[in-house]
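*Asks:*
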Amino acid sequence: MAATNWTDVVQEDCERCGHRTPHDVSLEMRTESEQKENAEFSREPYRVSECQYCGTEITRRMNNA
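First residue of the sequence shown: 115, per our numbering; consecutive thereafter.
1) First and last residue of the beta strand (DSSP E) that includes Gln-125?
2) For the beta strand (DSSP E) that contains Thr-111, what are its first and last residues?
3) Report yes if the C-beta distance between Arg-161 and Arg-144 is below 7 Å; otherwise report no.
4) Do Ser-163 and His-137 have their C-beta atoms closer together than 7 Å?
5) Excluding the five sequence neighbours on either side, which residues of its own chain have a C-beta within less than 8 Å of the C-beta of Asn-177, listed in chain order?
6) Can you list, in chain order, the residues of its chain with a C-beta nearer than 6 Å to that of Lys-150? Leave out the 5 residues immediately preceding and following it.
Written as C-alpha cells, this is what we have:
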C-alpha cells in the first residue's frame, strides 16, 4: 500500500463525518436544461467535493447569476 502525503490532499469539513477529512475535489460542467435544443447554452460550472472516508458528495453551483 502506497503512503499518502496528506499535505497534497484537500482537507474539508464533512457534515456526515463531523470532522475535517480528505476530499477529492473537481469541477464539472453540468447541463441544466431538459430541452435538447437549448442544452448547449445551459451548461454551468459545479464544484464537486467527495469525502474520502464516508463517500458523501457535495455539489455547489459556481455561477449563481
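Just so you know, even glycine gets a beta-carbon here, dropped at the ideal spot from N, CA and C. Predicted model only: the values in this text are computed from it and were never measured.
*Replies:* Quick look at the numbers:
1) For Gln-125, the enclosing beta strand (DSSP E) has its first and last residue at 124-127.
2) Only positions 115 to 179 of the chain appear in the structure, and residue 111 is not among them; the question remains open.
3) Taking 7 Å as the Cβ cut-off, Arg-161 and Arg-144 do not qualify as a contacting pair.
4) yes
5) Non-local C-beta neighbours of Asn-177 in its own chain, meaning closer than 8 Å and more than five positions away in sequence, comprise Glu-158 and Pro-159, ordered along the chain.
6) none
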